[in-house]
Amino acid sequence: MCQSIVARTFWSNRRGEQPVSGKTMCSERIVQWGDSDPAGRINSPRAFDFAVEIVEAFFRTELGVNYRQLIQELGLGAPVVHSSCDYTSMLLEGDTVRLTLSVERLGTASVTWRVVAHHWMTGAQAFSVRMISCFINNASGKSVPIPETWRQKIGTFVSMPEAMTP
């Protein structure tokens with residue numbers, strides 16, 4: 048199982064952009080029958096579930112807090128306020144998929160997560176999920192700045208340094 052954090056650096060060939068660097072977090076999982084429709088193809092909404100699972104793992108391993116602690120003990124939330132998914136190839140029941148998490152943008156109170164899924168055997172991309180989470184105070188429902196220690200940790204996963212607001 049790939050549940051380690053790996054460093055990555057690569058060149059983007061779009062519009063002459065500078066090198067892109069930042070950490071990624073990856074995990075592998077098997078597409079279960081319960082993830083699938085009767086024909087054995089992954090149900091489309093499960094891509095979002097897979098994405099939320101790796102973001103939740105990020106909170107636990109990188110920020111040292113699980114969702115229950117975030118909500119009940121710290122009085123914070125980080126709900127998804129926008130999400131989208133591009134599907135590029137089919138996943139079938141029994142397929143092993145590799146999920147890679149990176150941070151596309153880090154704002155004062157928000158994080159744009161990118162989760163890309165690849166077929167483990169072929170390396171073909173299966174889907175790419177983009178989710179924006181906004182940190183909130185649960186009592187007021189209003190956005191709050193990301194705690195500075197967390198912001199620094201999340202910042203090491205930003206794929207492009209200019210995508211981080213001061």
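Note that our numbering has the sequence shown beginning at 48, numbered continuously upward.
No residue lacks a Cβ here, since even glycine has one placed at the ideal position from N, Cα and C.
If you follow the alpha helix (DSSP H) that residue 196 is part of, which residue opens it and which one closes it?
-> Per DSSP, residue 196 is one residue of the alpha helix (DSSP H) stretching across 195-202.
Do you know offhand how far residue 66's Cα is from residue 152's?
-> Note that residue 66 has pLDDT 40, beneath the 50 cutoff, so the model's placement of it is unreliable and the number below is only indicative. Distance between the alpha carbons of residue 66 and residue 152: 16 Å.
Going by beta carbon distance, what residues of the same chain come within less than 7 Å of residue 110, once the five residues before and after it are set aside?
-> Cβ neighbours of residue 110 beyond the five flanking positions: 197 and 200.
CA-CA distance, residue 79 and residue 177?
-> Distance between the alpha carbons of residue 79 and residue 177 is about 23 Å.
Identify the continuous beta strand (DSSP E) that holds residue 150 and give its terminal residues.
-> 143-153 is the span of the beta strand (DSSP E), which, as asked, contains residue 150.
Nonlocal neighbours in the same chain, by C-beta distance under 6 Å from residue 205, ignoring five residues either side = The answer, listed in chain order, is 69, 150, 153 and 211.
C-beta contact flag for residue 140 and residue 87 at 9 Å | Yes, they are a contact pair.
Between which two residues does the alpha helix (DSSP H) carrying residue 97 extend?
-> Counted as a single uninterrupted DSSP element, the alpha helix (DSSP H) harbouring residue 97 occupies residues 93-105.
Just the C-alpha distance for residue 195 and residue 84, rounded to the nearest angstrom, thanks.
-> Between the alpha carbons of residue 195 and residue 84 lies a gap of roughly 43 Å.
Below 6 Å CB to CB, which residues in the same chain sit around residue 133 once its five sequence neighbours on both sides are set aside?
-> Take residue 133, set aside five residues on each side of it, and the residues of its chain with a beta-carbon closer than 6 Å to its own are 175, in chain order.
Beta-carbon contacts of residue 144 that lie in its chain and below 8 Å, excluding the five residues immediately before and after = Excluding residues within five positions, the ones whose Cβ falls inside 8 Å are 75, 76, 77, 78, 97, 138, 164, 165, 166, 167 and 173.
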